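Novice: The structure's right below; bear with me while I get my questions together.
Residue numbers (the working numbering): 4 to 461.
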């Protein structure tokens, strides 16, 4: 009875604000590191595996991870979880294998377990090899929480053969392991002849453990069974379990699922990074190569994304022409320099990528640093020289002009017309007398020739 009373109070305080509805303010009672471990072990036992044993070293590493990620507002893992756990002393020098789950936001245990419902994050619940577990919770400056759970085992060592010392720092909010004998396995029911699933409540089971086992929410159990979580379940009670084939039931959208942003009026697409998103998942959602995202935003593949970071996915209609560069399409200002006017959603790295200049140079030209905030409408100086535009050769065109007749005779035969001399001209008179003389001489010659001919005939 004490166990059931504990869970009744636990459910009342933990889930009283509603299930799977994102809220801005933190819940009245925040999910603790121990509750993360208990939830994962409840799911693990439901799959027929022994619960993971809480380890102080893994707890310490998980808490440190949560604090680091919260301080840097990260949207992806730090990396090398097995190396970090081994370096902290877990495994006594043996080969350590580990996995890490994280979630971020002001979330209920339902929301967290929904985030961890995919195969990669279900490893701690379904992989028999894992032996130990640790968890951490840390808060960001704006009130959100990072939830970290790490599971590990030592290669070729049986579970329980290696025990970490208590030297590891146990994170705030963690409580000593009360004994996992309290966890009551939830056996998954098989569908009936109509394909419907009904679960029969066993002693010690609660809304919480049943919801986790079937990967649904407590709210689903309440709505589809006309119940209230404030009323304890009874042994033998039958609960309808909705699923993907249930008419009218919509599976909650997991956190981290990406809904692509719509293009702007110019076709430009900008994505705002949310919790649990990565370059690979963003690339897949928009159907563009990761290299394109890296190039447009001046990023490197191993840089962690920041929650709220804006990534240029596509430049839209702003593409350089065959002869004009992006800079050449700008109009120089009165001082003869080029400026870029920041649009909503743009980032410094994205702008640097558009103009093919180093991000560091763009920041130096404008007196900016990594802590600077840019605003829509702000102008950024571009100290660049645009490549010269190709100038086509001049085209010869015919232009009629007045010309003077040359004194040099043309070599081309031509019919010429002798102008009629003007009356009273001296040169005209000389020509007339010359003609008369020629006629007289020709006539006299003809008469002399005729006379001689007649004389010869006689």
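The C-beta atom is built at its ideal place from N, Cα and C for all residues, glycine as well. Keep in mind the model is a prediction, meaning the values are calculated, not measured.
#1: With DSSP run on the structure shown, which of helix, strand or coil describes residue 164?
#2: Taking residue 40 as the reference, which of 374, 81, 189 and 154 has the closest Cα?
#3: In the DSSP output, which residue or residues are listed as bridge partners for residue 317?
#4: Taking all protein chains shown into account, decide if residue 399 is buried (16 or more other Cβ within 10 angstroms of its Cβ) or exposed.
#5: DSSP puts residue 241 in a beta bridge; with which residues?
#6: Indicate whether residue 204 and residue 237 have their beta-carbon atoms separated by less than 8 Å.
#7: Under the three-state reduction of DSSP, which class applies to residue 119: helix, strand or coil?
#8: Does the Cβ of residue 277 have 16 or more other Cβ atoms within 10 Å, making it buried, or fewer, making it exposed?
#9: In or out: residue 54 buried (at least 16 other Cβ within 10 Å) or exposed?
#10: State the Cα-Cα distance for the pair residue 233 and residue 145, rounded to the nearest angstrom.
#11: Tell me whether the stretch 46-64 and the stretch 128-136 touch, counting them as touching only if at least three CB pairs, one residue from each stretch, are closer than 8 Å.
#12: Hey, residue 94 and residue 165: beta-carbon distance below 8 Å or not?
#13: Residue 344 and residue 382 - do their beta-carbons sit closer together than 8 Å?
#14: Identify whether residue 230 lies in helix, strand or coil by the three-state DSSP scheme.
#15: Buried or exposed for residue 409, going by 16 or more other Cβ atoms inside 10 Å?
#16: Measuring only the C-alpha atoms, how far is residue 252 from residue 38?
#17: Since residue 246 contacts residue 200 with CB under 8 Å, what's their CB separation in whole angstroms?
#18: Taking the beta carbon of residue 57 as the centre, do at least 16 other beta carbons fall within 10 Å, making it buried, or is it exposed?
#19: Distance check for residue 223 and residue 197, CA to CA, integer angstroms please.
#20: So, helix, strand or coil for residue 34, using DSSP?
#21: Which of the three DSSP states, helix, strand or coil, is assigned to residue 369?
#22: Can you give the beta carbon distance from residue 81 to residue 72, rounded, assuming they're within the 8 Å contact cut?
#23: Tell me the DSSP secondary structure of residue 264 in three-state form.
#24: Just the C-alpha distance for residue 184 and residue 271, rounded to the nearest angstrom, thanks.
#25: To which residues of the same chain is residue 156 closer than 6 Å at the C-beta, ignoring the five residues directly before and after it?
#26: Do you know offhand how far residue 372's Cα is from residue 360's?
#27: Do residue 46 and residue 128 have their CB atoms nearer than 8 Å?
#28: Between the beta-carbon of residue 273 and the beta-carbon of residue 282, is there less than 8 Å?
#29: Can you check which of these residues, 310, 319 and 125, is closest to residue 269 by C-alpha distance?
#30: For residue 57, write down the residues that DSSP places opposite it in a beta bridge.
#31: Between 227, 302, 317 and 312, which lies nearest to residue 377 when the distance is taken from Cα to Cα?
#32: Helix, strand or coil: how does DSSP classify residue 376 here?
#33: Using the C-alpha atoms, what's the distance from residue 445 back to residue 430?
#34: Taking the alpha helix (DSSP H) that residue 282 belongs to, which residues open and close that run?
#35: Should residue 442 go down as buried or exposed, given a rule of 16 or more other Cβ atoms within 10 Å for buried?
#36: On the three-state DSSP scale, how would you describe residue 156?
Specialist: Let me spell this out:
#1: coil
#2: 154
#3: 272
#4: Annotation note: pLDDT 49 at residue 399 (below 50); position unreliable, coordinate value reported separately. Exposed: under 16 other Cβ atoms inside 10 Å.
#5: 203
#6: yes
#7: coil
#8: buried
#9: buried
#10: 32 Å
#11: yes
#12: yes
#13: yes
#14: coil
#15: Confidence at residue 409 is low in this model, with a pLDDT of 44, below 50, so the placement of that residue should be treated as unreliable; the coordinate-derived value is given next. Exposed.
#16: 28 Å
#17: 6 Å
#18: buried
#19: 20 Å
#20: coil
#21: coil
#22: 7 Å
#23: coil
#24: Note that residue 184 scores a pLDDT of 43, beneath 50, so its modelled location is shaky; the value from the coordinates is reported in the next line. Cα to Cα, the separation comes out at about 56 Å.
#25: 100, 132, 133 and 134
#26: 16 Å
#27: yes
#28: no
#29: 319
#30: 136
#31: 312
#32: coil
#33: The predicted position of residue 430 is uncertain, since its pLDDT is 46 and thus under 50; a value taken from the coordinates is nonetheless stated next. Approximately 23 Å, taken between the alpha carbons.
#34: 282-289
#35: exposed
#36: strand
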